[in-house]
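Per the numbering used here, numbering through the first sequence is continuous, rising by one, with the last residue being 641. We put the beta carbon where it would ideally sit given N, CA and C, even for glycine. This one's a predicted model, so the numbers in the text were calculated from it and none came from an experiment. Reading through the structure tokens given below for one structure.
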Amino acid sequence: MSNQITITLPDSSTISVEKGKTVYDAVGVISKGLQKAAVCAEVDGKLTDLSAVLEKNVKLKVLTFDTPQGRDVYWHSASHLMAQAIRRVFPGAKFAIGPSIDTGFYYDVDIEKNLVPEDLEKIEAEMRKISGEDLEITREEISKADAIKRFKDKGEIYKVEMLEEMDADTVSLYHQGEFYDLCRGPHLRRTSDIRAFKLVSVAGAYWRGDEKNKMLQRVYGVAFPSDKELKKHIELIEEAKKRDHRKLGRELDLFSFSNDVGAGLPLWHPNGAVLRFIIDKFETNEHLKRGYRLFGVPHIARSTLYEISGHLGFYTENMYSPIQIDGQDYYLKPMNCPSQIQIFNSSMKSYRDLPYRAFEMGTVYRYERSGVLHGLTRVRGFTQDDAHIFCREDQIVDEIQEVLDFTLYMLEVFGFSEKNIYLSTRPEKAVGTDANWEIATAALKSALEKNNIAYTIDPGEGVFYGPKIDVKIKDAIGREWQCSTIQVDFNLPERFDISYVGSDGQKHRPIMIHRALLGSLERFIGILIEHYSGKFPVWLAPVQVMLLSVSEDEAAAVESLKSKLMADEIRAESDIRGESIGYKVRDAITKKIPYIAVIGKKEIEEGTVSFRKRGENKPQSMKLDEFKGMIHEAVQKRTVF
RNA sequence: GCUGGCGUAGCUCAACCGGUAGAGCAGCUGAUUUGUAAUCAGCAUGUUGGGGGUUCAAGUCCUCUCGCCAGCUCCA
1 MSNQITITLP
11 DSSTISVEKG
21 KTVYDAVGVI
31 SKGLQKAAVC
41 AEVDGKLTDL
51 SAVLEKNVKL
61 KVLTFDTPQG
71 RDVYWHSASH
81 LMAQAIRRVF
91 PGAKFAIGPS
101 IDTGFYYDVD
111 IEKNLVPEDL
121 EKIEAEMRKI
131 SGEDLEITRE
141 EISKADAIKR
151 FKDKGEIYKV
161 EMLEEMDADT
171 VSLYHQGEFY
181 DLCRGPHLRR
191 TSDIRAFKLV
201 SVAGAYWRGD
211 EKNKMLQRVY
221 GVAFPSDKEL
231 KKHIELIEEA
241 KKRDHRKLGR
251 ELDLFSFSND
261 VGAGLPLWHP
271 NGAVLRFIID
281 KFETNEHLKR
291 GYRLFGVPHI
301 ARSTLYEISG
311 HLGFYTENMY
321 SPIQIDGQDY
331 YLKPMNCPSQ
341 IQIFNSSMKS
351 YRDLPYRAFE
361 MGTVYRYERS
371 GVLHGLTRVR
381 GFTQDDAHIF
391 CREDQIVDEI
401 QEVLDFTLYM
411 LEVFGFSEKN
421 IYLSTRPEKA
431 VGTDANWEIA
441 TAALKSALEK
451 NNIAYTIDPG
461 EGVFYGPKID
471 VKIKDAIGRE
481 WQCSTIQVDF
491 NLPERFDISY
501 VGSDGQKHRP
511 IMIHRALLGS
521 LERFIGILIE
531 HYSGKFPVWL
541 APVQVMLLSV
551 SEDEAAAVES
561 LKSKLMADEI
571 RAESDIRGES
581 IGYKVRDAIT
591 KKIPYIAVIG
601 KKEIEEGTVS
611 FRKRGENKPQ
621 SMKLDEFKGM
631 IHEAVQKRTV
641 F
């Protein structure tokens with residue numbers, strides 16, 4: 001029949017529907033379940049509303065909430081639902097933008113009143129009502145001029161501003177009940193399709209992200225097709241809260257901040273400091289194994305150094321004011337490279353010395369705006385596992401490949417198996433010739449490709465002196481963190497006029513590779529705390545064994561056992577307080593110590609250790625040597641439990 | 001830095017409309033000498049982040065400042 005059209009599905013199968021039916025109708029032909037789950041569709045590769053009318057033979061792909069696009073549309077519709085509710089509760093509200101984001105959606109609104117949590121509840125209640133009203137969501141296409149007029153009449157100054165900058169002739173509006181909004185779409189079919197949602201928070205956000213503009217109120221929310229999924233999402237947020245390194249840092253006595261020392265300057269307590277030491281020792285050793293040499297430089301340097309390096313030009317906003325010493329200006333070092341170059345430069349280098357790999361756990365100080373400081377992950381003084389590789393141009397690719405390999409190994413060791421890799425290219429504010437940028441970017445690319453590593457290009461995100469590869473890791477609850485960075489630099493060798501003598505007896509300029517594997521030790525430890533939620537694997541646990549005496553009679557034996565374990569490089573602590581054994585066990589459990597050992601008369605007589613492993617509540621017993629062997633093995637194998 | 005919220009004992013939190021601070025845990029002391037997630041009793045907790053102001057009187061109101069939290073912007 002001529003008024004039938006053929007719809008081709010992704011698996012190449014076809015269905016036939018009457019011409020003029022909607023996408024939604026067509027999906028219903030495939031399956032009722034899919035029809036219910038459908039959010040939007042791709043029709044001939046174009047994202048489309050389910051309510052769109054089908055006029056000809058097309059290719060159709062149905063998108064549900066489980067797809068990134070489906071989720072996007074779902075959340076975007078939820079933001080419209082929220083906007084409608086806000087308009088009903090606060091009739092004077094003006095709307096700016098309301099997109100979906102990775103974790104839900106938001107809408108920037110301009111309201112006189114400062115929104116408080118009770119207002120969010122009111123809005124949420126109104127959203128529930130509108131969802132219950134089951135309003136149809138419809139698309140309307142009108143000319144840009146008409147749209148401007150309509151939004152102008154409503155006083156929607158932000159929409160008007162956006163419209164005026166669009167170069168399209170026609171724009172689309174989406175209606176639901178009395179509310180409509182400028183939107184590209186697509187959207188869900190009905191307001192009742194948005195079932196489970198929660199408004200999460202409200203915060204300030206500048207119109208168009210520019211500090212010079214008016215601060216609007218950004219209301220955040222999330223939405224899901226079912227209450228179950230919403231609940232799961234809320235649980236994830238609670239889980240993240242439980243793992244918060246700032247909270248665990250205090251509870252496990254790892255670090256703190258002091259008002260008098262200053263913001264963003266962490267203080268390491270014994271438990272945290274030993275964690276730092278373990279990482280430092282392990283990592284330094286790994287560098288030595290790979291042919292790196294150790295460097296060490298002071299925390300301040302004269303202004304001349306940073307004039308030469310260019311930091312005083314390109315990096316001043318991140319540097320602290322100078323310190324006057326004998327009439328000279330000295331700066332806290334914001335980066336290690338300029339000082340390290342002095343060491344490279346202190347003697348003549350031959351081509352045989354290259355690649356020359358220099359490593360240092362280098363502490364740097366950077367000015368961060370007060371609002372961005374955050375626990376250990378964003379601080380003003382931090383230690384980088386920083387290295388600089390001086391090499392010839394023909395060595396770059398090999399060196400980067402090796403560094404990549406090293407990076408992935410290190411991250412793996414610390415329990416991060418999932419990674420995403422990014423290649424950042426030339427930013428607007430940059431130094432160096434186009435040719436050098438080209439060579440450097442190509443080298444990074446080639447190293448990635450030779451190692452068969454999938455990566456994403458991050459345009460314009462490179463450092464001012466060169467392009468870089470960033471490695472972002474995923475933690476135990478799926479959050480992404482940036483740690484490692486590998487950067488190629490032609491600029492500093494030039495500025496410091498460094499050279500090596502080639503086989504031809506002539507001076508040549510080396511290239512520098514800057515790289516940090518874990519990034520900042522402070523931030524990395526913050527991430528580690530959250531990743532393991534404080535339950536560090538034995539090799540990292542600040543306290544590996546807690547020894548408890550059953551009664552005061554065993555106090556001396558416990559202390560001597562502690563000394564024996566410590567002499568064997570096992571980090572042990574003892575609790576010989578006159579408290580009940582249950583009390584002391586509980587205390588040790590809350591400290592997340594991997595092994596809790598109880599020493600009573602029986603153990604002393606038999607020379608055994610009765611202990612419980614973290615996560616297990618049945619104690620087991622073994623001979624002291626066996627116990628030590630077990631811990632050493634857990635350390636060596638970096639067992640996680 | 002900006003917007004908003006906040007700052008009370010080591011920690012978590014309380015104190016009506018202004019009437020100069022109180023609980024639990026931790027700590028200390030004593031008793032108990034305990035066998036695997038909290039033994040009992042007692043004691044003491046503080047320039048209410050700091051400075052200034054209003055007031056007869058300020059944890060509470062105003063102001064400056066420091067810090068914290070969420071977000072914006074920026075980043076290891």
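Between E133 and T191, is the Cβ-Cβ spacing less than 8 Å?
Yes; because the gap between Cβ atoms is below 8 Å, this pair is in contact.
Looking only at DSSP bridge pairs, what is H388 linked to?
DSSP lists A358 and H514 as partners of H388.
Measuring only the C-alpha atoms, how far is T14 from D72?
Their Cα atoms are separated by approximately 27 Å.
Candidates N259, H80 and L528: which alpha carbon is nearest M410's?
Out of N259, H80 and L528, L528 has the C-alpha closest to the C-alpha of M410.
Closest by CA to R642, which one among V297, L47 and L548?
Nothing can be reported for residue 642, as the shown portion of the chain is limited to 1 through 641.
Using DSSP with H/G/I as helix, E/B as strand and the rest coil, what is R479?
The answer is coil: DSSP assigns R479 none of H, G, I, E or B.
Let's see if you can read the secondary structure: which residues bound the alpha helix (DSSP H) around E606?
From DSSP, the alpha helix (DSSP H) with E606 extends over K601 to E606.
What did DSSP end up calling C183 once you bin it into helix, strand or coil?
Three-state result, C183: coil.
What does the alpha-carbon distance come out to for the pair A83 and K232?
C-alpha separation (whole angstroms): 25 Å.
What would DSSP say about A263, mapped onto helix, strand or coil?
Here A263 sits in coil by DSSP.
If we count the other Cβ atoms within 10 Å of its Cβ and call it buried at 16 or more, is L565 buried or exposed?
By the 10 Å Cβ count, L565 comes out buried.
Assuming V219 and V202 make a contact with CB atoms under 8 Å, what is their CB distance in whole Å?
Going by Cβ atoms, the distance from V219 to V202 rounds to 5 Å, so yes, they are a contact pair.
One question on the structure: do K94 and D119 come within less than 8 Å of each other, judged by their Cβ atoms?
No, they are not a contact pair.
Within its chain, find whatever has a CB closer than 8 Å to the CB of I308; leave out the 5 residues flanking it on each side and keep chain order.
Only P338, R495 and F496 meet the Cβ criterion.
With a threshold of 16 other CB atoms inside 10 Å of the CB of T377, please say whether the residue is buried or exposed.
T377 should be labelled buried.
I'd like the span of the alpha helix (DSSP H) that includes S350, first residue to last.
Looking at the DSSP string, S350 is not in any alpha helix (DSSP H), and its letter there is neither H nor E.
Is the Cβ-Cβ distance between Y422 and D470 less than 8 Å?
A contact, by the Cβ cut-off of 8 Å.
Pick from L216, K59, L305 and S12: whose alpha carbon is nearest that of K113?
Nearest option by C-alpha distance: L216.
The beta strand (DSSP E) spanning I421 covers which residue range?
Looking at the DSSP string, the run of the beta strand (DSSP E) that includes I421 is K419 to S424.
E235: buried (16+ other C-beta within 10 angstroms of its C-beta) or exposed?
Under this definition E235 is an exposed residue.
What distance in whole Å lies between the Cβ atoms of I477 and A240, which are believed to be in contact at a cut-off of 8 Å?
About 6 Å; that satisfies the 8 Å criterion.
Terminal residues of the continuous alpha helix (DSSP H) containing R246?
Taken as a continuous stretch (DSSP letters only), the alpha helix (DSSP H) holding R246 covers H245 to E251.
Based on DSSP bridge pairs, tell me the residues matched to C40.
BP columns for C40 point to L63.
I'd like the ranges of any beta strand (DSSP E) spanning at least 3 consecutive residues and lying wholly in the segment 72–120.
Here the runs fully enclosed are 104–110.
Roughly how many angstroms separate the alpha carbons of E55 and V23, rounded to a whole number?
If I take the Cα positions, the gap works out to 10 Å.
Which residues in the same chain have their Cβ closer than 6 Å to the Cβ of G462, if we skip the five residues on either side of it in sequence?
S424, T425, R426, P427 and K468, listed in sequence order.
For F151 and A78, which I take to be in contact (beta-carbon distance under 8 Å), what is that distance rounded to the nearest angstrom?
With 8 Å as the limit, F151 and A78 do not qualify as a contact, their Cβ atoms being about 22 Å apart.
Per the DSSP calculation, S12 is bridged to which residue(s)?
In DSSP, S12 forms no bridge with anything.
Looking only at its chain, what residues have a beta carbon closer than 7 Å to the beta carbon of M1, apart from the 5 residues adjacent to it on each side?
With a pLDDT of 48 at M1, under the threshold of 50, the modelled position of this residue cannot be trusted; read the value that follows with caution. Contacts found: none.
To the nearest angstrom, how far is the alpha carbon of Y595 from that of P322?
About 49 Å.
I'd like the span of the alpha helix (DSSP H) that includes H287, first residue to last.
Element bounds for H287: P270 to K289.
G221: beta carbon under 7 Å from a heavy atom of the ligand MN?
Absent from the structure shown: the ligand MN. Ligands present: none.
If I measure Cβ to Cβ from L649 and keep anything under 6 Å in the same chain, skipping five residues before and after, which residues do I get?
As shown, the chain starts at 1 and ends at 641. That puts residue 649 outside it, with no answer to give.
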